[in-house]
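In UniProt numbering, the protein residues as written are 1 to 264. Down below is the structure, laid out as structure tokens.
The structure is reproduced here in structure tokens:
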């Protein structure tokens, strides 16, 4: 069961979404209640600046420690930290720091995993074609140091957890109602997301669709065109009938008459 904390109320003008972490938010919007649900970071769906368009970027970051085969506990806390941008107060910059205790917990479960420096200077799980990898405990010597290396700002021990700094809890607030998304827009977005990072289910669906189309084409050729496309038109039938019933030529008639006279 998730922990809920009472967040302090802020002025409406302070409650606008601001880009956080790897996510780019629309600065003219406020945290909203995602009535259509969220594919990732769904614990914040009651109030968040994240929406369906951010699913791809979030999913990639969450998948990194999974692909790197980190321990389940390290994977879970890395996902927690990745989803921090979807926290309504982190997404509006009303809360800008991570609680030291959470950084310590994260460091403790990930210190034996291997990391490498990304192009932006932050740490990233080591996998694939990374050339230089080191255990986290050789790079950072504390939870606060780890959080800084991951691009987070760390609060102080005097901060109230869940109010002054991010601790992974969910504020007991409900955002504005999310506008209804037309199904055409939703379908196009889903296809674009899958094109960027195709899942096994999407690939299987495309394969089944192509197979059904090929089988349908073969069946149609076998059974014939149900609309009569493989049948002769009326004019073609008349022409063919005329060719079959074509009267004999004068030379053929003369030959036949000569044959009859000789016989009699």
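Built from N, CA and C at the ideal position, the CB exists for glycine as well.
Does residue 72 pass the burial test, meaning 16 or more other C-beta atoms within 10 Å, or should it be called exposed?
Translated into positions along the chain shown, residue 72 becomes position 72. Residue 72 comes out exposed.
Unbroken alpha helix (DSSP H) runs of length 4 or more, entirely within the region 43-83: which are they?
55-67 and 72-82
Excluding sequence positions up to five away, which residues of its chain have a Cβ less than 6 Å from the Cβ of residue 140?
Counting from 1 along the chain shown, the entry for residue 140 is found at position 140. Within the same chain, residue 140 has close Cβ partners 146 and 149.
Nearest chain D C-beta to residue 16 closer than 8 Å, yes or no?
Within the model displayed, chain D is absent; a lone protein chain is all it includes.
Going by CA-CA distance only, name the one from 171, 178 and 136 that's closest to residue 84.
Here the question's residue 84 lines up with position 84 in the chain shown. Of the listed residues, the one whose Cα sits closest to residue 84 is 171.
For residue 134: DSSP bridge partner residues
Within the chain shown, numbered from 1, the residue matching residue 134 stands at position 134. Residue 134 is bridged to 115.
Here's the rule I'm using: 16 or more other beta-carbon atoms within 10 Å means buried, otherwise exposed. How should residue 122 be labelled?
Position 122 of the chain shown, counting from 1, holds the residue named residue 122. Residue 122 comes out exposed.
Residue 78: buried (16+ other C-beta within 10 angstroms of its C-beta) or exposed?
Numbered from 1 along the chain shown, position 78 holds the residue referred to as residue 78. So residue 78 ends up on the buried side.
Just the Cα atoms here: how many angstroms apart are residue 110 and residue 214?
If you number the chain shown from 1, residue 110 lands on position 110. If you number the chain shown from 1, residue 214 lands on position 214. Looking at the two C-alpha atoms, the distance is approximately 50 Å.
Under three-state DSSP, which class holds residue 32?
Counting from 1 along the chain shown, the entry for residue 32 is found at position 32. Of the three classes helix, strand and coil, the one that applies to residue 32 here is strand, per DSSP.
Could you check the C-alpha separation between residue 15 and residue 86 for me, to the nearest Å?
For the purposes of this step, residue 15 is taken as residue 15 along the chain shown, with counting starting at 1. For the purposes of this step, residue 86 is taken as residue 86 along the chain shown, with counting starting at 1. Cα to Cα, the separation comes out at about 14 Å.
Would you grab the beta carbon distance between residue 176 and residue 32 for me? Rounded to a whole angstrom, and I think it's under 8 Å.
Translated into the one-based positions of the chain shown, residue 176 becomes position 176. Translated into the one-based positions of the chain shown, residue 32 becomes position 32. The Cβ separation is near 5 Å, so the contact holds.
Just to confirm, is the Cβ distance from residue 143 to residue 97 under 8 Å?
For this step, residue 143 is matched to residue 143 along the chain shown. For this step, residue 97 is matched to residue 97 along the chain shown. Not closer than 8 Å, so no.
Tell me whether the region 60-68 and the region 125-132 touch, counting them as touching only if at least three CB pairs, one residue from each stretch, are closer than 8 Å.
Yes, the region 60-68 is in contact with the region 125-132.
Which listed residue (133, 41, 82 and 47) has its alpha carbon closest to that of residue 17:
Start at 1 with the first residue of the chain shown, and residue 17 comes out as number 17. Comparing Cα-Cα distances from residue 17 to each of 133, 41, 82 and 47, the minimum goes to 47.
At the level of alpha carbons, what is the spacing between residue 57 and residue 24?
Here residue 57 is taken as the residue at index 57 of the chain shown, counted from 1. Here residue 24 is taken as the residue at index 24 of the chain shown, counted from 1. Each residue's Cα considered, the two are about 10 Å apart.
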